[in-house]
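According to my numbering, the sequence shown is numbered sequentially starting from 1065. Every residue, glycine too, gets a C-beta built ideally from N, C-alpha and C.
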Amino acid sequence: MGKQHFITFQLLAISGILVSILVSMVAFRNFVLPESKADLSTEVDLAPPYLRLARKSIDVVNGKKMVTVELLANTSGLSVTGADVILHYDWKVVAIKDEDIHSSGAFAVSSVNSNQNEILDFSLFSEKKRNEPLVQTNADQELVIATLTFEVVDPSATLTQLELIATPGRLDDSNLVLDQDPRPELPTDVLKSVQPAIISL
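Take a look at the structure:
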């Protein structure tokens, strides 16, 4: 009889373990990840933190074809105080005015540093001491930080390339500046990759 009770006890223990595993599996299936801040409609194969460009829309304004492009950032969990952007574009195909570069509000301030010879250089930043917003996304999220509206100056063109110029760790091209307290003498660039964009016109 003792042996039968021992076997019954073992079976009950095994049943309890199986029920526990089943409950865990159901709970895992019902677990919902946080919703991304932007819909990743196309697969993004970039090492985060990254910056990338994506076409938002094409409109005709006063007889001119205008292409709006979004600048998206992924900080991979890091908090960043700003972004510097160096963008190369083909001036024979598209043109952009300083007033057609807009912050999305993710950073408090936007500033165009220069816009000539096919190179657009602008900055977006916030000041934590003024309680301005910093940017932070999870590794599977991206956030629109700016929109750029280009005028198509070559009506025969159907495509153009926009290229973000960046070297990891360098501060004189595109970068994402890490929030650090106390602030170091030289900022830390955490940008690891960028993606050129082929924009249909």
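For D1218, the three-state secondary structure derived from DSSP is coil. No residue range can be given for D1245, since it is assigned to no beta strand (DSSP E) and is classified by DSSP as neither H nor E. Where R1119 is concerned, the enclosing beta strand (DSSP E) starts and stops at 1114-1125. Note that the stretch 1223-1234 touches the stretch 1138-1158; at least 3 beta-carbon pairs, one per stretch, sit closer than 8 Å. When rounded, the separation of the alpha-carbon atoms in R1194 and F1171 is 12 Å. Closest option to D1109, judged by alpha-carbon separation, among T1252, L1265, K1256, S1264: K1256. Contact between L1142 and A1210 does not hold, since their C-beta atoms are separated by about 19 Å, which reaches or exceeds 8 Å. Taking the CA atoms as reference points, T1139 sits about 24 Å from I1183. In the three-state scheme derived from DSSP, where H, G and I count as helix and E and B as strand, E1163 is classed as helix.
In summary, I1263 is buried, with 16 or more beta-carbon neighbours lying within 10 Å of its beta-carbon over all protein chains present.
In this structure, the alpha-carbon of L1265 lies about 43 Å from that of P1248.
Residue pairing by DSSP places Q1259 opposite R1116 in a beta bridge.
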